[in-house]
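In what follows, a single structure is set out as structure tokens and then discussed.
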Amino acid sequence: MPWGTRGPAASLEEFCGREIDCSGVPEMQMFSVPMPGQLAFSFSGLHSSVERHIHRSKVPLTDAHRCALGRAFQDGAARQLCNKLVQCLSMLQGEGMDIRHVVASGGVASNSYLRARFLCLFF
-10 MPWGTRGPAA SLEEFCGREI DCSGVPEMQM FSVPMPGQLA FSFSGLHSSV
40 ERHIHRSKVP LTDAHRCALG RAFQDGAARQ LCNKLVQCLS MLQGEGMDIR
90 HVVASGGVAS NSYLRARFLC LFF
């Protein structure tokens, strides 16, 4: 997936947002969330999962396959960040802190898929 003049998160969102015929594409399993239970995250684990999937593939990857992989990666990244956010907020609540607002910023937070997942956590 070419990045062009945009960063990886914006390019991934654009790539995954295309309307594409996914008939004939094997169903993608969800990629596992790395480091469960820890307040740390890693996108390299997701990247490795995608690479393993590609190397195990018995058929050439079509554009629809690449789009499905991109969407699975994006979903895994969003689930990881959401899980870590919920874990952190729960930990802080357990320490008596009253968290009323959460701010997501930067390039990754500009991803509308991730923003929508964050909003689902609170509304």
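Numbering (this note's numbering) for the sequence shown: -10 to 112. Cβ atoms here follow ideal geometry from the backbone N, Cα and C, with glycine treated the same way. These numbers come from a predicted model, not from an experiment.
Within 7 angstroms, strictly: CB atoms of residue i and residue j
{"i": "G96", "j": "A(-2)", "result": "yes"}
{"i": "G71", "j": "R41", "result": "The amino acid at residue 71 is misidentified as Gly; the sequence shows Cys. Taking 7 angstroms as the Cβ cut-off, C71 and R41 do not qualify as a contacting pair."}
Contact set for residue i: own chain, Cβ-Cβ below 8 angstroms, skip 5 residues either direction
{"i": "F82", "result": "First, the amino acid is wrong: residue 82 is Gln here, not Phe. The residues are I88."}
{"i": "R7", "result": "C56"}
{"i": "L1", "result": "M(-10), G59, F62, Q63, N100"}
{"i": "C77", "result": "L28"}
{"i": "G36", "result": "The sequence as given places His at residue 36; Gly does not occur at that position. Excluding positions up to five away in sequence, the list reads F62."}
For residue i, the nearest candidate out of the options (CA to CA)
{"i": "L103", "options": "P49, Q76, P23, Q69", "result": "Q69"}
{"i": "R55", "options": "N72, A67, M17, A98", "result": "M17"}
{"i": "P23", "options": "K47, R41, K73", "result": "K73"}
{"i": "A66", "options": "S46, M19, H90", "result": "M19"}
{"i": "G(-4)", "options": "R106, A98, C11, A105", "result": "A98"}
{"i": "V91", "options": "L108, S31, F30", "result": "L108"}
{"i": "D10", "options": "T51, F30, T(-6)", "result": "T51"}
Same chain only: Cβ atoms within 7 angstroms of residue i, ignoring 5 sequence neighbours per side
{"i": "V75", "result": "L110"}
{"i": "V39", "result": "L58, F62"}
{"i": "F32", "result": "A66"}
{"i": "G34", "result": "P23"}
Neighbourhood of residue i by C-beta, 6 angstroms cutoff - its chain only, sequence neighbours within 5 removed
{"i": "G14", "result": "Checking the sequence shown, residue 14 turns out to be Val, not Gly. Once the five neighbours on either side are set aside, the close Cβ partners of V14 are A53, H54, A57."}
Three-state class that DSSP yields for residue i in the structure shown
{"i": "F30", "result": "coil"}
{"i": "V39", "result": "helix"}
{"i": "M130", "result": "Residue 130 is absent from the structure shown; the chain starts at -10 and stops at 112."}
{"i": "F112", "result": "coil"}
{"i": "V91", "result": "coil"}
{"i": "L198", "result": "In the structure displayed, the chain extends from -10 to 112; residue 198 sits before or after that span and is not available."}
{"i": "R7", "result": "coil"}
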